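Participant:
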Amino acid sequence: MTSNPTPTPTPNAEGLNHRDRAIRCLSEAAYADAGDAYTLAAYGGLAGLEGRRREAFDPDARGWVGYPLAALVLAGVCYRIAELDGRARNRAGQGILVVGDQRDHVLDHPVERAACHEWVGDFRAVAGDADRAAAAYDRAADGYAAAEPDSPAEWTTRPLLQAGTDALLQLSRPDDLDWGDLHGSSGSDALGHRARFKRSRLRSLLHARIDDGRLFAPRGSTEYGVDDFRCPACGANDVNYVAETVLCLRCNAGVDRA
166 MTSNPTPTPT PNAEGLNHRD RAIRCLSEAA YADAGDAYTL AAYGGLAGLE GRRREAFDPD
226 ARGWVGYPLA ALVLAGVCYR IAELDGRARN RAGQGILVVG DQRDHVLDHP VERAACHEWV
286 GDFRAVAGDA DRAAAAYDRA ADGYAAAEPD SPAEWTTRPL LQAGTDALLQ LSRPDDLDWG
346 DLHGSSGSDA LGHRARFKRS RLRSLLHARI DDGRLFAPRG STEYGVDDFR CPACGANDVN
406 YVAETVLCLR CNAGVDRA
């Protein structure tokens, strides 16, 4: 008996992975479709089938679960913009289950476990549960303080936390927060500052995107004043090269060559 070879995933006819397809949907203001694509990106990421291709239960891939968790957060944001609040709550619930399992059975460092509480706060915020989000961020801040890591700032660059940073920076666009806004200027209290910042600001950032009806693509490679391109929507020629396409850095629309 011969076995069938494991197929290489081909998510769609364009050959894009699900995350890139989600970003393309953002540029078209197709937020329900973007939510679906981010959801599939999360599922594929958890299974190690796309993105960074690190399976969530692999002991040698500690913390890489942050990237599929970030995809679930962004899926929830997209559904909120599309006024599909039930689907946003579903993604938040799925994220909470995944991160709880990671906290209790996969991740064992106290900083990682505190970061799991931070993720719960993110998902509660996406679901619109402000009080429980605040409580989760408080647990995260307490956990970070109790852990007393030697290099708090260095922890923020590890996958479990870096993925959350990336999602927050995307949520902040076009205002564009930076690392220092989220973690403080010195880095010595980077983790605690991070939890407190999210407690006070994440809800307002989320509602700014919902009220505006728009979530920008993440920054890829950016270039300013490019004569070869002109945005058909706003006329700008500052561009964002991301998801194998060119988007306007100012309004997020697809950009044509001038």
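Here the sequence shown is numbered in the numbering used here, starting from 166 and rising by one per residue. No residue lacks a Cβ here, since even glycine has one placed at the ideal position from N, Cα and C. Just so you know, these numbers come straight off a predicted model, no measurement behind them.
Return the chain-ordered ranges of every alpha helix (DSSP H) run that is complete within the region 231 to 255 and spans a minimum of 4 residues.
Facilitator: As far as the region 231 to 255 is concerned, its whole alpha helix (DSSP H) runs of at least 4 residues are 231 to 246.
Participant: Measure from the alpha carbon of A305 to the alpha carbon of each residue in A295, R364, L262, then state which is nearest.
Facilitator: Out of A295, R364, L262, R364 has the C-alpha closest to the C-alpha of A305.
Participant: Taking the alpha-carbon positions, what's the N417 to N402 distance?
Facilitator: Distance between the alpha carbons of N417 and N402 is about 12 Å.
Participant: Hey, which unbroken runs of the alpha helix (DSSP H) at 4 residues or more fall wholly within the region 252 to 299?
Facilitator: Qualifying alpha helix (DSSP H) stretches, in chain order: 275 to 292.
Participant: Might you give, ordered along the chain, the residues of its own chain that have their beta carbon closer than 7 Å to the beta carbon of H348, omitting 5 neighbours on each side?
Facilitator: These residues qualify, in order along the chain: A318, T321, A355, H358, R359.
Participant: Decide if the region 269 to 282 is in contact with the region 334 to 346; the criterion is three or more beta carbon pairs, one per stretch, under 8 Å apart.
Facilitator: As far as the Cβ criterion goes, the region 269 to 282 does not touch the region 334 to 346, which means the pair count is below three.
Participant: Any idea if G329 is buried or exposed, counting beta-carbon neighbours within 10 angstroms, 16 or more meaning buried?
Facilitator: Looking at its Cβ environment, which holds 16 or more other Cβ atoms inside 10 Å, G329 is buried.
Participant: Can you pull the DSSP bridge partners for A391?
Facilitator: Note that residue 391 corresponds to Val in the displayed sequence, not to Ala. Answer is none; V391 lacks a bridge partner.
Participant: With three or more C-beta pairs closer than 8 Å as the rule, is the region 235 to 252 touching the region 189 to 206?
Facilitator: Flag = yes, the region 189 to 206 and the region 235 to 252 touch.
Participant: Kindly indicate which residue of I246, S316, V420, G352 has the alpha-carbon position closest to the one of A373.
Facilitator: With distances taken between Cα atoms, A373 lies closest to I246.
Participant: Does DSSP put R218 in a helix, a strand or coil?
Facilitator: The answer is coil: DSSP assigns R218 none of H, G, I, E or B.
Participant: Return yes when the Cβ of A382 is within less than 8 Å of the Cβ of N405, no when it is not.
Facilitator: Closer than 8 Å, so yes.
Participant: If we count the other Cβ atoms within 10 Å of its Cβ and call it buried at 16 or more, is F222 buried or exposed?
Facilitator: Burial call: exposed.
Participant: Considering only C-alpha positions, which residue in the set V411, G378, G352 is nearest to V391?
Facilitator: Out of V411, G378, G352, V411 has the C-alpha closest to the C-alpha of V391.
Participant: Identify the residues that DSSP records as bridge partners of N405: which are they?
Facilitator: DSSP output for N405 lists T387, L412 as bridge partner(s).
Participant: Using C-beta distances below 7 Å, list every residue in its chain close to T171, excluding the 5 sequence neighbours before and after it, in chain order.
Facilitator: Model confidence at T171 stands at a pLDDT of 41, short of 50, so the residue's coordinates are unreliable; what they give is reported in the following sentence. Once the five neighbours on either side are set aside, T171 has no close Cβ partner at all.
Participant: Under a Cβ-count criterion, where at least 16 other Cβ atoms within 10 Å of its own Cβ denotes burial, should A295 be classed as buried or exposed?
Facilitator: It counts as exposed.
Participant: Checking the sheet assignment: what are the DSSP bridge partners for G419?
Facilitator: Per DSSP, L412.
Participant: Could you check the C-alpha separation between D269 and W344 for me, to the nearest Å?
Facilitator: Straight-line Cα distance between these residues: approximately 29 Å.
Participant: Tell me which residue opens and which closes the alpha helix (DSSP H) that P324 is part of.
Facilitator: From DSSP, the alpha helix (DSSP H) with P324 extends over 324 to 337.
Participant: For R218, count neighbouring C-beta atoms within 10 Å of its own C-beta (all shown protein chains included) and say buried if the count is 16 or more, exposed if not.
Facilitator: Exposed is the call here.
Participant: May I have the straight-line CA-CA distance separating A310 from L211, to the nearest angstrom?
Facilitator: Cα-Cα distance, rounded: 29 Å.
Participant: Check whether the Cβ of L414 lies closer than 8 Å to any Cβ atom in chain B.
Facilitator: Any reference to chain B falls outside this structure, which holds one protein chain only.
Participant: When the Cα of R415 is compared with those of V242, A398, L272, which residue comes out closest?
Facilitator: Nearest of V242, A398, L272 to R415, Cα basis: A398.
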